[in-house]
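Enquirer: Could you have a look at this structure, given as structure tokens, before my questions?
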Amino acid sequence: MERQYMIATHGELAAGFQSSLNVLAEKGNEIEIINAYITDEDYTPKIVAFIDEVPDEKQAVIFTDLFGGSVNQKVVTEVMTAKKSNVFVVSNANLAIVLSIIFLEEPLSNEKIEQVISECQVQLVQATNSEEEAFF
Numbered sequence: 001m002e003r004q005y006m007i008a009t010h011g012e013l014a015a016g017f018q019s020s021l022n023v024l025a026e027k028g029n030e031i032e033i034i035n036a037y038i039t040d041e042d043y044t045p046k047i048v049a050f051i052d053e054v055p056d057e058k059q060a061v062i063f064t065d066l067f068g069g070s071v072n073q074k075v076v077t078e079v080m081t082a083k084k085s086n087v088f089v090v091s092n093a094n095l096a097i098v099l100s101i102i103f104l105e106e107p108l109s110n111e112k113i114e115q116v117i118s119e120c121q122v123q124l125v126q127a128t129n130s131e132e133e134a135f136f
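With the UniProt record's numbering, the residue at position 97 of the sequence shown is 97, and numbering never jumps.
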């Protein structure tokens, strides 16, 4: 199923995601971004336009940086107002989840997204080892 993507964040984090997606997968230019609060411009119309442009036969994912943050609240409000069940919001996004969702070929569902999220969690990497432990 064909999808559309948006990343909406505070500051220029969305542009950083876009840059990394270009470097790693040549997919950054396929993603709409919102770098909120860089200027005084209201970014709500960009969110509304993105949601409105998603046809019923497609799916869309909007990634945000902070659950409960102002950008996330605005995105969730607009998705709820539009009443589109084919638009998903993923908050606390990291590069791993964005890449995983982009390359997922099967149609999205809440359950599938939750599964992918669990696989893309932040992890502590132990940077010390004893002499008996192998490095990798």
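Where a beta carbon is used, it is the ideal one built from N, C-alpha and C, also for glycine.
Which stretch, first to last residue, makes up the beta strand (DSSP E) that contains residue 106?
Expert: Here residue 106 refers to the residue found at position 106 of the sequence shown. Taken as a continuous stretch (DSSP letters only), residue 106 belongs to no beta strand (DSSP E), as it is neither H nor E.
Enquirer: Judging by CA-CA distance, which residue of 8, 53, 76, 92 is the nearest neighbour of residue 43?
Expert: Numbered from its first residue, the sequence shown carries residue 43 at position 43. Of 8, 53, 76, 92, the residue nearest in Cα terms is 8.
Enquirer: What residue does the alpha helix (DSSP H) around residue 39 start on, and which one ends it?
Expert: Taking the sequence shown and counting its residues from 1, one reaches residue 39 at position 39. Here residue 39 belongs to no alpha helix (DSSP H), and DSSP marks it neither H nor E.
Enquirer: May I have the straight-line CA-CA distance separating residue 4 from residue 27, to the nearest angstrom?
Expert: Position 4 of the sequence shown holds residue 4. Position 27 of the sequence shown holds residue 27. If you take the alpha carbons of residue 4 and residue 27, they lie about 12 Å apart.
Enquirer: Should residue 91 go down as buried or exposed, given a rule of 16 or more other Cβ atoms within 10 Å for buried?
Expert: Position 91 of the sequence shown, counting from 1, holds the residue named residue 91. Result: buried.
Enquirer: So, with DSSP's three-state summary, where would you put residue 18?
Expert: For the purposes of this step, residue 18 is identified with residue 18 of the sequence shown, where counting begins at 1. Looking at residue 18 - three-state DSSP - the assignment turns out to be helix.
Enquirer: Return the Cβ separation of residue 14 and residue 35 in integer angstroms, given the expectation that the two are a contact with Cβ distance under 8 Å.
Expert: In the sequence shown, residue 14 corresponds to position 14, counting from 1. In the sequence shown, residue 35 corresponds to position 35, counting from 1. About 5 Å separates the two Cβ atoms, so the contact holds.
Enquirer: With distances taken Cα to Cα, identify the nearest neighbour of residue 45 among 24, 89, 71.
Expert: To locate residue 45, count along the sequence shown from 1; it is residue 45. Considering only alpha carbons, the answer is 71.
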